[in-house]
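Residue numbers (the numbering used here), protein chains in the order written: chain E, 646 to 742; chain Z, 27 to 406. From the three backbone atoms N, C-alpha and C, an ideal C-beta is built for every residue, glycine too.
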Amino acid sequence: MRLDAVYRRDPDIVFRKISGECILVPIRRRVGDLDNIYTLNETAARIWELIDGRRTLAEIRDALAAEFAVPVQEAERDLLEYLAALRACAAVKEGPA
Amino acid sequence: MAHSFFSETTYSDFSASVHDKAVAQGLPVAAEIELTRHCNLRCGHCYNGPPKKEREMTTDQIRRLLDAMAEAGCLWVLLTGGEPLLRSDFPQIYLYAKKKGFIVSLFTNATLVTPQIADLLKEWPPFRVEVSLYGASRKVYEKVTGVAGCHAKCLKGIEMLRERNVSMELKTLVTKDNKGEIAQIQRFARERGLHHRFDAYINPRLDGSREPCRLRLTPEEVVALDLSSPARCDTWRQIYKDAWGAKIDLDHVYACTSNQWSFFVSAAGRMQACLMLPQPSCDVLRRPFLASWRELVRAVQGLKPANPGHKCYHCEMSALCYHCPAWAALENGDPESAVDFVCRSAHLRHHVFLEKGIIAKGGERYAEQDQANIPEADVV
Chain E
646 MRLDAVYRRD
656 PDIVFRKISG
666 ECILVPIRRR
676 VGDLDNIYTL
686 NETAARIWEL
696 IDGRRTLAEI
706 RDALAAEFAV
716 PVQEAERDLL
726 EYLAALRACA
736 AVKEGPA
Chain Z
27 MAHSFFSETT
37 YSDFSASVHD
47 KAVAQGLPVA
57 AEIELTRHCN
67 LRCGHCYNGP
77 PKKEREMTTD
87 QIRRLLDAMA
97 EAGCLWVLLT
107 GGEPLLRSDF
117 PQIYLYAKKK
127 GFIVSLFTNA
137 TLVTPQIADL
147 LKEWPPFRVE
157 VSLYGASRKV
167 YEKVTGVAGC
177 HAKCLKGIEM
187 LRERNVSMEL
197 KTLVTKDNKG
207 EIAQIQRFAR
217 ERGLHHRFDA
227 YINPRLDGSR
237 EPCRLRLTPE
247 EVVALDLSSP
257 ARCDTWRQIY
267 KDAWGAKIDL
277 DHVYACTSNQ
287 WSFFVSAAGR
297 MQACLMLPQP
307 SCDVLRRPFL
317 ASWRELVRAV
327 QGLKPANPGH
337 KCYHCEMSAL
347 CYHCPAWAAL
357 ENGDPESAVD
367 FVCRSAHLRH
377 HVFLEKGIIA
387 KGGERYAEQD
397 QANIPEADVV
């Protein structure tokens, strides 16, 4: 993945914060099966917010490193790992919003 | 940073965890919204009674309510009525709720399902649609619902949803008029791969009329209906076993925990603890949502038993009983009273279940029951 790439969230997946739990709720047909729910940890929830179709991956990485006070390399590794998981379930797509 | 970014948890585990937290933190995570009191059917057993002229929430008011609920962390929304599909703005309301990220369910009689509604539910799937099916035959269905021609519409509606694989369950309120068709309704459901449930508990009308009560089964018929379903007997057995020795709540008239995590909004925009409990209530359209919720919980939780010695609080059959203080208030004007029909059904259930070895005193089961040993139905 190129770090100058921009990703956007699938509009058919809604982020909700319920009783302190951050979750992704699929709302449209292809993702409507609720056998399983995805709950996000704090980092993942922040990455989901930052994937806004405007920021590049490099900008998101730098924001994470600053906010969580971790080295840039660590933030980059986590970002790319999570993004790969989100791409695998088609929750994000490359390109601006 | 943590490396386990997101975890996949089963829906039931997630739901249980959220409900536990909601009770502990006093959060409104689940709602029932009555979109209208009007209905196209005229069921004699209905708690709503004949339609009245009443101001109902507008589309915009419902949208604003959903906004506030989402903001407050509500996740589950049930859209109900009356018949919610009577509202011409149902598609807009439904889609709005879906796009806010609510887990949406729908109660309907299915007679007003159109290809457009069915397509909407296919494209934007509800968590579940629950369809009331009041009879297997046209004659019985239309005797219960009081409207000619609606049986065919109901079946067509069910079929349209089924063709589109919309998550759906069937349910039946058993009355004197349809008690003979429960087995046929169950067969109808089974043949279509649909889950079906039933109960025989008819409430008085919310306006106080006891007219629906004349359609109740006898306690003997209610218990025979239990015995007709091995799964139902097993559920009762488990409930009875689990409840044995549980602490009696003498601090609250309304001891059920649901009023600590769920609420009902009437078609006119009044927030209540549940449908059956019209008071206390508050106008959720005019007041901030969370303030209304907190005020309501405080008011309901603040109702203390005036008669802690009342038999229902200490009854060893309470786990086999549908006793509900809101129902008692509706039936007798006193939440701390017994509803005779419910009470007699519970006593008989207790007696028969003990006799047949389905339950044992002390909550322990007798020898493991083979399901085949549970008697077949003799209701009708």
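- Rounded to whole angstroms, the gap between the alpha carbons of L725/E and N66/Z is 55 Å.
- Within the stretch 651-667 of chain E, the residues whose Cβ lies closer than 8 Å to any Cβ of chain Z are, in chain order, V659, F660, R661, K662, I663, S664, G665, E666.
- For a cut-off of 8 Å, the C-beta gap from L61/Z to P110/Z is around 4 Å, short enough to register as a contact.
- T244/Z carries a coil assignment under DSSP once its states are collapsed to helix, strand and coil.
- Closer than 8 Å at the C-beta level to chain E, one finds these residues of the stretch 36-62 of chain Z: T36, Y37, F40, S43, V44, K47, A48, Q51, L53, V55.
- For K197/Z, the uninterrupted beta strand (DSSP E) run begins and ends at 194-199, by DSSP.
- Contact annotation: A703/E and L669/E have beta-carbon atoms that are not nearer than 8 Å.
- For Y652/E, DSSP records a beta bridge to E739/E.
- Spanning the alpha carbons of P230/Z and N686/E requires a straight line of approximately 48 Å.
- Contact annotation: in the stretch 149-160 of chain Z, residues whose CB is within less than 8 Å of a CB in chain E are E149, W150, P151, F153.
- When the beta-carbon positions are compared, G295/Z and Q142/Z stay at least 8 Å from each other.
- Of the residues assessed, V310/Z falls on the buried side of the cut-off, its CB having 16 or more other CB atoms within 10 angstroms.
- Contact with chain Z is found for I682/E, since one of that chain's Cβ atoms lies less than 8 Å from the residue's Cβ.
- Taking CB atoms only, R673/E has a neighbour in chain Z less than 8 Å away.
- Buried is the label assigned to N74/Z, since at least 16 other Cβ atoms lie within 10 Å of its Cβ.
- Apart from sequence neighbours up to five positions away, the residues of its chain that approach V248/Z with a beta-carbon distance below 6 Å are A226, S371, ordered along the chain.
- When the five nearest sequence neighbours on each side are left out, the beta carbons in the same chain lying within less than 6 Å of the beta carbon of R113/Z are those of L61, T62, in order along the chain.
- With a threshold of 16 other beta carbon atoms within 10 Å, E357/Z meets it and is buried.
- When Cβ-Cβ separations below 8 Å define contact, I143/Z makes no contact with chain E.
- By a beta-carbon distance limit of 8 Å, K197/Z does not contact H177/Z. Their separation comes to about 16 Å.
- For I184/Z, the closest Cβ of chain E is not nearer than 8 Å.
- Put simply, the CB of V717/E is far from chain Z, with every gap to its CB atoms at 8 Å or more.
- For F367/Z and D268/Z, the gap between their C-alpha atoms comes out near 24 Å.
- In this model, G175/Z and V365/Z are separated by some 36 Å (Cα to Cα).
- For the 8 Å CB-CB criterion, V130/Z and C100/Z do not form a contact.
- Residue burial annotation: N333/Z is exposed, with fewer than 16 other C-beta atoms found within 10 angstroms of its C-beta.
- Within the stretch 85-117 of chain Z, those residues whose Cβ lies closer than 7 Å to any Cβ of chain E are, in chain order, G99, L101.
- Close partners of K124/Z in chain E (Cβ separation under 7 Å): I672.
- As the crow flies, the alpha-carbon of V659/E is around 34 Å from that of F224/Z.
- Bridge pairing for M297/Z: V291/Z, C308/Z [DSSP].
- Residue nearest to G206/Z within the set S163/Z, K182/Z, A215/Z, G234/Z is S163/Z (criterion: CA-CA distance).
- For T106/Z, the enclosing beta strand (DSSP E) stretches over residues 102-106.
- Neighbours of G127/Z across chain E, judged by C-beta separation under 8 Å: V659, F660, R661, V670, I672.
- Each of V323/Z, V192/Z, Q264/Z, G271/Z was checked against the Cα of A136/Z, and the nearest Cα belongs to V192/Z.
- In the three-state scheme derived from DSSP, where H, G and I count as helix and E and B as strand, F128/Z is classed as coil.
- For K662/E, the uninterrupted beta strand (DSSP E) run begins and ends at 658-663, by DSSP.
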